[in-house]
Amino acid sequence: PADPEDKEALNFHILLIENMNHFLEETDTRGLEVLEEWKDQANTEYHEHMDMYLNAVMRRPLGKLLDYLENIEAQIQSGKSPTAIAQQPSNDKAIFNKILGNFDSKEVRKGVEALRKRVEKHFGDADDPALSRALVAKVTSECEKFYLNVETRIGQVTTDVYGGDVPFEWPRADVKLAFR
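Okay, so the sequence shown: first residue is 20 according to our numbering, each after it adds one.
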């Protein structure tokens, strides 16, 4: 995978998200098919680059956890049995518990706060303040969805690989609060 701290790649995603968002917000197609097609294309690009942006910026607050989940998910997708995965020393339940234990409410709130500041820095200083504020809100909302999806992924791994036997509660309420 690409280096999440690759500033050039990150700036490229930011630029494309801003440009596609601007195009989507400001273009009235007036029913013209050619403009509808361009808008569809812009929407596709917007979402592709948003996904790449999220995958990069989420490494800072959630890196170790994402690495762990992605490793297990990749093995499940390749057809390896959950039992075999759980028996690997690197995927021992105690290790999963330890990684999850690093994400208590305080740590999650701190991560979200730093993430919000980063999003604000990346998207908050455009020429058009109203458009810029709206985009910061959109990106922040996508970040929140990413966090909620991480909770689902943790639940899936807990159930499928560890038979539900992981005494950890993702601080969902804190995630929601931190994104308000």
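Idealized CB from N, CA, C, for every residue including glycine.
Continuous alpha helix (DSSP H) assignments of at least 4 residues falling wholly in the stretch 102-188: Complete alpha helix (DSSP H) runs here, min 4: 112-120, 124-142 and 148-181.
Enclosing alpha helix (DSSP H) for P190 [first to last residue]: Residue numbering aside, residue 190 sits at position 171 when the sequence shown is read from its first letter. The continuous stretches of alpha helix (DSSP H) do not include P190, and DSSP gives it neither H nor E.
Endpoints, the alpha helix (DSSP H) within which K83 is located: Here residue 83 is taken as the residue at index 64 of the sequence shown, counted from 1. Start and end: R78 to Q96.
Pick from T159, R199, P186 and T178 that is closest to V76, judged by C-alpha positions: Walking along the sequence shown from the start, residue 76 turns up at place 57. Selected option, being the one with the closest Cα: T159.
Nearest-angstrom Cα separation, counted from K112 out to E56: Along the sequence shown, read from residue 1 onward, the residue named residue 56 stands at position 37. Along the sequence shown, read from residue 1 onward, the residue named residue 112 stands at position 93. In a straight line, the C-alpha of E56 is about 49 Å away from that of K112.
Closest residue to G130 among H141, I36, L119 and R79 (Cα-Cα distance): Mapped onto the sequence shown, residue 130 falls at position 111. Checking every option, the nearest Cα to that of G130 belongs to R79.
Buried/exposed call for V53, threshold 16 Cβ in 10 Å: Working through the sequence shown from its first residue, we reach residue 53 at position 34. Looking at its Cβ environment, which holds fewer than 16 other Cβ atoms inside 10 Å, V53 is exposed.
Continuous alpha helix (DSSP H) stretch holding F31: start and end: Residue 31 sits at position 12 when you count from the first residue of the sequence shown. Here the alpha helix (DSSP H) through F31 covers K26 to E45.
Segment contact flag, the stretch 131-139 with the stretch 106-120, C-beta cutoff 8 Å, min 3 pairs: Counting Cβ pairs under 8 Å, fewer than three are found: no touch.
Nearest-angstrom Cα separation, counted from N168 out to S97: Mapped onto the sequence shown, residue 97 falls at position 78. Mapped onto the sequence shown, residue 168 falls at position 149. Answer to the nearest angstrom: the Cα atoms are 21 Å apart.
Nearest-angstrom Cα separation, counted from G120 out to G7: Because the chain in this structure spans residues 20 to 199, residue 7 falls outside the shown range and cannot be described.
Proximity to A93 [Cα-Cα], best of A192, F198, V176 and D59: Position 74 of the sequence shown, counted from the start, is the residue given in the question as residue 93. Selected option, being the one with the closest Cα: V176.
Nearest to A156 (by Cα), restricted to the options F198, P190, G82 and F165: Counting from one through the sequence shown, the residue named residue 156 turns up at place 137. When each option's Cα is compared against that of A156, the closest is F198.
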